[in-house]
Structures are given as C-alpha cells and as structure tokens.
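Undergrad: Residue numbers (the UniProt record's numbering), protein chains in the order written: chain A, 1 to 338; chain B, 1 to 338.
(1) Let me make sure I understand the geometry here. Which of B:335, B:88 and B:130 has the alpha-carbon closest to that of residue 103 of chain B?
(2) 8 angstroms is my cut-off, CB to CB: does residue 87 of chain A come that close to chain D?
(3) Identify each residue in the segment 106-122 of chain B for which the Cβ-Cβ distance to at least one residue of chain A is less than 7 angstroms, and report them in chain order.
(4) Whose Cβ in chain A lies nearer than 8 angstroms to the Cβ of residue 96 of chain B?
(5) Apply the 10 Å Cβ neighbour rule to residue 69 of chain B and answer buried if 16 or more other Cβ atoms are within range, or exposed otherwise.
(6) Given a limit of 7 angstroms on CB to CB distance, which residues of the segment 266-278 of chain A reach chain B?
(7) By DSSP, does residue 98 of chain A sit in helix, in strand, or in coil?
(8) Excluding five sequence neighbours on each side, which residues of the same chain lie with their C-beta closer than 6 angstroms to the C-beta of residue 298 of chain A?
(9) Answer with buried or exposed for residue 96 of chain B, where buried requires no fewer than 16 other C-beta atoms within 10 angstroms of its C-beta.
(10) For residue 105 of chain B, which residues from the same chain have a beta carbon less than 8 angstroms from its beta carbon, with the 5 sequence-adjacent residues on both sides left out?
(11) Checking the sheet assignment: what are the DSSP bridge partners for residue 295 of chain A?
(12) Are the beta-carbon atoms of residue 197 of chain A and residue 248 of chain A separated by less than 8 angstroms?
(13) Going by beta-carbon coordinates alone, are residue 254 of chain B and residue 277 of chain B separated by less than 8 angstroms?
(14) List the residues of chain B whose Cβ lies closer than 7 angstroms to the Cβ of residue 287 of chain A, in chain order.
(15) Using beta carbons (cut-off 8 angstroms, strictly below), is residue 59 of chain B in contact with chain A?
(16) Tell me whether residue 82 of chain B is buried or exposed, calling it buried when 16 or more other Cβ atoms sit within 10 Å of its Cβ.
(17) Where does the unbroken alpha helix (DSSP H) through residue 4 of chain B begin, and where does it stop?
(18) State the CB to CB distance for the pair residue 61 of chain A and residue 93 of chain A, rounded to an integer number of angstroms; the pair is presumed to be in contact (CB under 8 angstroms).
(19) In this structure, what does DSSP give as the bridge partners for residue 186 of chain B?
(20) For chain A, find out if any of its Cβ atoms is closer than 8 angstroms to the Cβ of residue 71 of chain B; answer yes or no.
(21) Quick test of the definition: if touching needs 3 or more C-beta pairs under 8 angstroms, does the segment 135-142 of chain A touch the segment 72-87 of chain A?
(22) Quick one: is residue 178 of chain B buried, meaning 16 or more other Cβ sit within 10 Å of its Cβ, or exposed?
(23) If you draw a straight line from the C-alpha of residue 337 of chain A to the C-alpha of residue 112 of chain B, how long is it?
(24) Taking all protein chains shown into account, decide if residue 3 of chain A is buried (16 or more other Cβ within 10 angstroms of its Cβ) or exposed.
(25) With a threshold of 8 angstroms on Cβ separation, who are the neighbours of residue 195 of chain B within its own chain once the five nearest residues in sequence on each side are excluded?
(26) Just to confirm my understanding: we take residue 281 of chain B, look at its own chain, exclude 5 residues before and 5 after, and list those with CB closer than 6 angstroms. What are they?
(27) Closest to residue 235 of chain A by CA distance: which of A:252, A:273 and A:308 is it?
(28) What's the gap between the Cα of residue 107 of chain A and the Cα of residue 283 of chain A?
(29) Less than 6 angstroms between C-beta atoms, sequence neighbours within five positions excluded: which residues of the same chain meet that for residue 327 of chain B?
(30) How would you list, in chain order, the residues of chain B whose beta-carbon sits under 8 angstroms from the beta-carbon of residue 26 of chain A?
(31) Can you name the start and end residues of the beta strand (DSSP E) that residue 143 of chain A belongs to?
(32) Is it buried or exposed for residue 13 of chain B, if we count other Cβ within 10 angstroms and need 16 for buried?
(33) Return helix, strand or coil for residue 174 of chain B, following the three-state DSSP convention.
(34) Using a beta-carbon distance below 8 angstroms, is residue 65 of chain A in contact with chain B?
(35) Within the continuous beta strand (DSSP E) that includes residue 325 of chain A, where are the two ends?
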C-alpha cells in the first residue's frame with residue numbers, strides 16, 4: 001500500500017496526497033476529504049515520516065543506556081519496563097550513550113536535529129546536573145528518573161524516584177528488631193544525592209528508635225541524640241567498590257558494629273568478606289539473589305511506567321499546573337545475610 | 001531555523017522548499033539549485049522527517065530488549081556496545097519487547113509501519129526460528145547475533161556469533177591441564193542450538209585429549225572413544241536454573257566427576273553448592289565476578305560492532321555476493337573456582 005494507491009483511488013496526483021498529509025492547508029477542503037476517505041477505505045497506514053511532518057510528533061522517547069564498572073546495577077530492568085510501557089502508550093524508546101553531562105547535551109542536540117524525539121528520560125541525576133536546565137531552557141519535554149538534587153530549578157520539572165531513605169530506614173529497623181543496637185552504615189562519598197539520601201534513612205531510623213544503647217537515659221530527645229552520636233562513629237564512606245566495602249566493614253566491626261547497612265550491593269558484597277555480621281545491600285541485583293544477600297528492591301517496572309505516564313500527560317497537554325513528582329517505596333527482600 | 005527561513009532566502013514558497021526536500025522531481029532544476037544553495041548558506045539542518053521522505057532512510061536499527069528470569073545475563077553489555085557502534089556509524093537503536101517469535105513478528109510489522117527501521121538486529125536465534133524467514137521474504141535488512149540453528153535457509157542471511165564450542169573446549173582443556181580426567185558437563189535440554197554447541201566443545205576436547213583414563217590403550221582412536229564413553233556418563237541436562245545445576249552436580253560428583261564445565265553461570269552457581277570440585281561457568285556475568293567463578297567471557301562489544309558493520313555494508317549496497325558470517329572466540333576468565 002503506497003501513496004500511489006491512495007492517489008489512484010481518490011483520482012488525484014501523488015503530490016496532492018502528499019500535500020494532504022504534510023500541508024493540508026494547501027489543499028481544497030473537497031479534495032482533502034476525498035483523499036482522507038481513500039486513506040480510510042484502503043486502510044493505508046500513513047508512514048511515520050508523513051505523520052511526523054503533519055503532527056510534529058516522532059513518537060520517540062530518548063534515554064541513555066548506562067554501563068557501570070562491575071555490572072552490578074539494575075538499569076536493564078528499568079529500560080525493559082520503559083520499553084514495554086512506552087509501547088503500550090504508542091511510543092518507542094531510542095537509545096544513546098554518553099560519558100558525561102556535556103557529551104550528553106551534545107547528543108541531545110544531535111538527536112533533536114536528526115530524530116526529533118518527543119521527550120527525554122534522564123537517569124542518574126546528581127548535584128550540578130546541567131542537563132535539566134539545558135532541556136528546560138529549550139522548553140523540551142522530559143522527566144528525570146531521580147530527584148533534582150540541589151538543582152537551582154528545584155522542583156520545577158517532573159520527576160519519578162524511589163525513596164532511598166525509606167529503604168535504608170526499613171533495613172535499619174529490621175536490624176533493630178533483630179536486637180542489634182550498634183548498626184553501622186557504609187556509604188558513598190558525601191555529595192552524592194542518592195548516597196546521602198540512603199544515609200539519611202539510616203540516621204532517621206536510629207533517631208526514631210526507642211531505648212537502645214542508653215537505656216538509663218529517660219529523656220527521649222537525649223536518647224535520640226545519644227543513639228545518633230553512637231552511630232556517628234559507625235559510618236564509613238567508600239568509592240562504592242567491594243574492596244573498599246570490605247575494608248570499611250572491618251573498621252566498623254572493630255569499632256563495635258554488630259550489623260551493617262550498605263549503600264549498594266557492591267559495597268555489601270565486600271562487607272560480607274569482613275566477618276560474620278548481618279549485612280543488608282541496596283538494589284537487589286542478580287548478585288544479591290545469587291549469594292543470598294538481603295537487599296532493598298526498587299520497583300523499577302512501576303517507576304518506568306510512571307515516567308511514561310508523566311511524559312504522555314505532558315505531551316498531551318493534559319498536565320496539571322504543577323509538574324508531576326512521584327516518589328515510590330522500595331521493599332526489603334530478606335535473604336540469608338540479615 | 002525553519003523551512004520558512006529557507007523559503008525567504010531562496011525567494012520561493014514554503015511548499016516549494018518542502019517539494020525540493022520531499023519530491024525534488026516536481027521542481028525545476030533552477031529553483032531546486034536556488035533552494036539547495038539557501039539550505040547550505042543558512043546551515044539549515046534538514047529534519048529527519050524530511051530527510052527520510054527524500055532518502056527512504058530512517059537511520060534506525062531495531063532490536064529487542066530481553067529480560068531473563070534470574071537476571072544473570074550479559075545482554076545489557078551487547079546493547080550498550082550496539083548503541084555505541086551504531087551512533088558512530090550514524091544510526092540509533094530503537095527498542096521493542098516481545099514474548100515470543102509470533103509477537104516479535106507482529107512488532108516488526110508495527111515498527112515498519114510506524115518507524116521504518118532500516119534494519120533489524122535479532123538475538124536469541126533458535127531451532128524453528130520463524131523470524132528470519134519473515135524478514136527475508138520481505139527483503140528487509142537484518143543480521144542475527146547468533147547462528148541460524150537448523151534454519152532451512154541455512155547460511156543465507158548474515159550473522160555474527162560467538163563460538164561456544166571453542167569456549168567449552170578451552171574450559172575442558174584447562175581442567176585436563178590441571179590433571180582432571182573425569183570432567184562432567186551440565187547443560188541445557190537437547191535441541192537448544194547454543195546449548196548443544198557449548199556441549200560439543202566439551203566432547204571435542206575430551207576426544208582430542210591425549211592419554212587420559214585409559215593409559216594402557218595405545219591406539220589413539222580407541223583411546224579417544226574410551227574417553228568419550230567415560231564422559232557419556234558424566235553429562236546432565238537441566239532447565240538452566242541454579243537449583244537443577246546443584247542437583248546435577250551432586251549426581252555427577254557421585255558418579256565420579258572431579259571437575260565440572262557448565263553451560264551457564266546460573267547452572268555453575270548451583271553446581272558450586274554441591275561440593276568442593278572445580279567449576280567453570282559461561283558468560284562471565286557480574287555474578288561470576290562477584291563470587292570468583294571461573295567463566296567464559298563473550299566479546300560482546302566486538303560482536304555488537306561487527307553486527308553494525310555487517311548492516312552498514314548491507315545498507316550501503318557494498319555487500320559481497322555472500323552474506324557476512326562472523327564467528328568470534330570467547331576467552332576464559334580464570335578466577336577462584338577452577
């Protein structure tokens with residue numbers, strides 16, 4: 001089925017059919033109607049190029065494909081969910097790679113020139129992220145999977161994220177419930193939005209805990225402060241590798257920690273080598289399942305579906321006055337290690 | 001920069017500019033030249049929709065994103081490599097999901113109608129694969145990452161693959177070199193192209209081995225047959241899960257196996273639970289690195305780059321008389337378990 005078939009059926013030239021598809025304003029109403037009827041009768045599937053020129057829509061969502069050093073990440077689950085949810089909404093996912101923000105912005109420019117994606121899905125948001133303001137200045141549709149950590153625009157753009165603090169708080173409570181009172185935390189360097197958020201859940205759960213290391217202190221606020229002070233000595237920052245995770249765990253165990261909450265499964269994998277104390281990771285990677293590591297699982301299919309929903313609302317101009325912000329809860333998957 | 005700017009500069013109507021881009025045959029040579037000059041002077045970047053209507057090229061390669069049960073796969077590495085190599089060649093990757101061959105073919109149809117990808121990259125080829133003949137009948141460009149196992153078209157289409165048999169042969173030789181003479185194999189059900197290929201490397205290495213379990217047999221062919229007969233009792237098929245891998249390993253160890261070659265890291269993960277015998281996996285997943293599993297690593301970035309090169313040759317009509325067939329070698333990554 002081609003434009004020529006439609007032209008024959010409508011008794012017009014191919015150029016007229018093309019005009020109806022691309023510049024309908026140039027064609028008389030009566031002719032336009034005849035062509036549209038022929039299109040319908042023949043079940044002609046307007047091709048994407050013609051449709052795009054008419055509607056200005058590419059039906060493409062662009063997303064970066066990430067790769068981490070040790071492969072212990074769950075980005076592929078998010079990407080699978082995004083592809084599936086996008087297809088249900090009539091969109092396809094187009095991929096790109098980028099090594100840093102600057103090269104990613106150059107790629108935005110290139111994609112916009114060549115493929116005109118309707119929207120972008122940004123991942124790995126971080127302090128000093130220059131990608132969002134670049135897109136916002138150009139009034140391009142996008143959603144971030146990740147909150148706008150310290151961004152000057154604040155909450156001006158739509159985002160979907162998983163509540164890391166709620167996750168580590170649940171992990172810490174799980175260890176408190178098991179009777180642990182000196183619970184350490186192994187994190188990433190300060191200044192990582194995601195890392196600091198996960199750390200905050202640990203401190204929050206310790207502050208909120210009932211009588212712990214100081215049963216004689218009756219004043220609740222004193223008790224909370226004492227809990228936290230104790231905890232302060234039980235924290236280590238790492239580069240995120242298993243090797244540094246193991247070293248940090250040795251120090252914390254020597255300092256009296258009887259259980260460890262970790263910022264990632266990679267760090268937790270290392271911590272497990274340090275000694276027989278309970279360890280909880282974060283991200284529920286295939287490695288966690290393989291070695292029986294208790295870990296926090298992000299609802300990635302749901303997060304991906306919410307990203308698509310946020311974007312389709314934006315693109316269909318059905319968006320509310322305020323941008324959508326969606327914060328989802330992770331769940332603790334309890335296995336052998338805690 | 002819009003078509004209107006070009007039209008102004010060339011002193012023609014917008015429709016004429018559109019005609020030059022989409023149907024240059026309709027426009028007089030002199031006018032066409034004037035528009036082209038304006039496009040060049042203004043640095044107007046012809047948008048993709050217009051370019052596609054002119055060239056019939058979408059600059060999109062379509063690939064399915066896969067998801068496995070336990071997440072122990074390395075497809076994300078292939079996809080990352082494909083995205084990077086495609087971008088270097090001026091193409092982008094567009095994703096889709098599909099649950100089986102039939103739904104994948106329905107998706108081909110949908111993609112062709114709506115996005116017109118220039119080519120497809122098919123993964124997970126298997127016996128009775130109906131996808132390749134569907135594409136071949138329509139003369140659509142594609143490459144498979146995986147050989148056309150038992151396909152009636154045989155080697156009629158281009159493919160890139162990794163030599164699984166060479167991998168398991170190397171693993172088996174590694175164990176023979178370490179002094180093992182009763183080496184078991186844990187595989188997938190018969191009829192899996194990939195699984196049977198990996199199995200064949202194990203039998204080949206045993207056949208090719210020098211004096212092994214029957215040092216008194218001096219005739220080399222008798223010796224080879226004896227080796228193989230011994231090996232016959234040391235083989236188990238599984239569904240690919242760690243649980244069945246463990247059960248199979250227990251049986252093989254009871255039958256006298258002193259070392260195990262496994263069809264996948266998942267199966268090897270289970271086999272490690274069965275007892276302290278050397279185990280070698282396949283695919284070098286993040287789990288293998290995490291637990292110190294010796295495993296076979298596929299050159300996935302290279303395989304992805306070769307897929308892109310095969311397709312660009314096809315699309316640029318620079319292809320040889322015979323379709324490209326590329327078979328790459330995996331490499332043995334030696335860790336703690338063997």
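The beta carbon of each residue, even a glycine, is placed where N, CA and C say it ideally should be.
TA: Reading from the atomic positions:
(1) Residue 103 of chain B sits at position 103 when you count from the first residue of the second chain. Here the closest residue by C-alpha is B:130.
(2) This model lacks chain D altogether; the protein chains it does include are A and B.
(3) 113, 114, 115 and 116
(4) As a working mapping, residue 96 of chain B is identified with position 96 in the second chain. Ordered by position in chain A, the residues that pass the 8 angstroms Cβ test against residue 96 of chain B are 83, 87 and 92.
(5) Residue 69 of chain B sits at position 69 when you count from the first residue of the second chain. Residue 69 of chain B comes out exposed.
(6) 269
(7) Here residue 98 of chain A refers to the residue found at position 98 of the first chain. Note: residue 98 of chain A maps to coil in three-state DSSP.
(8) Taking the first chain and counting its residues from 1, the one referred to as residue 298 of chain A is at position 298. Excluding positions up to five away in sequence, the list reads 162 and 330.
(9) The residue you call residue 96 of chain B lines up with position 96 of the second chain. The residue is buried, with at least 16 neighbouring Cβ atoms inside 10 Å.
(10) Counting from one through the second chain, the residue named residue 105 of chain B turns up at place 105. Answer for residue 105 of chain B: 130, 131 and 134, listed in chain order.
(11) Counting from 1 along the first chain, the entry for residue 295 of chain A is found at position 295. Partner(s): A:281 and A:333.
(12) In the first chain, residue 197 of chain A corresponds to position 197, counting from 1. In the first chain, residue 248 of chain A corresponds to position 248, counting from 1. No. Outside cutoff.
(13) Taking the second chain and counting its residues from 1, one reaches residue 254 of chain B at position 254. Taking the second chain and counting its residues from 1, one reaches residue 277 of chain B at position 277. No, Cβ-Cβ distance for residue 254 of chain B and residue 277 of chain B is not below 8 angstroms.
(14) The count along the first chain starts at 1 and reaches residue 287 of chain A at position 287. Neighbours of residue 287 of chain A on chain B, chain order: 286, 287 and 290.
(15) Indexing the second chain from 1 puts residue 59 of chain B at position 59. At least one chain A Cβ lies under 8 angstroms of residue 59 of chain B.
(16) Counting from one through the second chain, the residue named residue 82 of chain B turns up at place 82. With 16 or more other Cβ atoms within 10 Å, it is buried.
(17) For this step, residue 4 of chain B is matched to residue 4 along the second chain. Per DSSP, residue 4 of chain B belongs to the alpha helix (DSSP H) from 3-10.
(18) For this step, residue 61 of chain A is matched to residue 61 along the first chain. For this step, residue 93 of chain A is matched to residue 93 along the first chain. About 5 angstroms separates the two Cβ atoms, so the contact holds.
(19) Position 186 of the second chain holds residue 186 of chain B. Answer is B:236 and B:262, bridged to residue 186 of chain B.
(20) Taking the second chain and counting its residues from 1, the one referred to as residue 71 of chain B is at position 71. Yes, residue 71 of chain B lies at the interface with chain A (some Cβ there is under 8 angstroms from its Cβ).
(21) no
(22) Along the second chain, read from residue 1 onward, the residue named residue 178 of chain B stands at position 178. By the 10 Å Cβ count, residue 178 of chain B comes out exposed.
(23) Walking along the first chain from the start, residue 337 of chain A turns up at place 337. Walking along the second chain from the start, residue 112 of chain B turns up at place 112. Whole-angstrom Cα-Cα distance: 49 angstroms.
(24) Along the first chain, read from residue 1 onward, the residue named residue 3 of chain A stands at position 3. Classification for residue 3 of chain A: buried.
(25) Residue mapping note: residue 195 of chain B aligns to position 195 of the second chain, counting from 1. Answer for residue 195 of chain B: 187, 188, 189 and 263, listed in chain order.
(26) As a first step, residue 281 of chain B must be located in the second chain, where it is residue number 281. Answer for residue 281 of chain B: 262, 265, 268, 288, 293 and 295, listed in chain order.
(27) By one-based count along the first chain, residue 235 of chain A stands at place 235. Measuring from the Cα of residue 235 of chain A, the nearest candidate turns out to be A:252.
(28) Mapped onto the first chain, residue 107 of chain A falls at position 107. Mapped onto the first chain, residue 283 of chain A falls at position 283. In a straight line, the C-alpha of residue 107 of chain A is about 29 angstroms away from that of residue 283 of chain A.
(29) For this step, residue 327 of chain B is matched to residue 327 along the second chain. These residues qualify, in order along the chain: 161 and 163.
(30) Residue numbering aside, residue 26 of chain A sits at position 26 when the first chain is read from its first letter. Result: 15.
(31) Position 143 of the first chain, counting from 1, holds the residue named residue 143 of chain A. 141-145 is the span of the beta strand (DSSP E), which, as asked, contains residue 143 of chain A.
(32) On the second chain, position 13 is the one that residue 13 of chain B refers to. Classification of residue 13 of chain B: exposed, given that the 10 Å Cβ count is below 16.
(33) One-based indexing of the second chain puts residue 174 of chain B at position 174. In the structure shown, residue 174 of chain B sits in a helix (DSSP, three-state: H, G or I).
(34) For the purposes of this step, residue 65 of chain A is identified with residue 65 of the first chain, where counting begins at 1. Output row for residue 65 of chain A: interface = yes.
(35) For this step, residue 325 of chain A is matched to residue 325 along the first chain. Counting along the chain, the beta strand (DSSP E) containing residue 325 of chain A begins and ends at 325-328.
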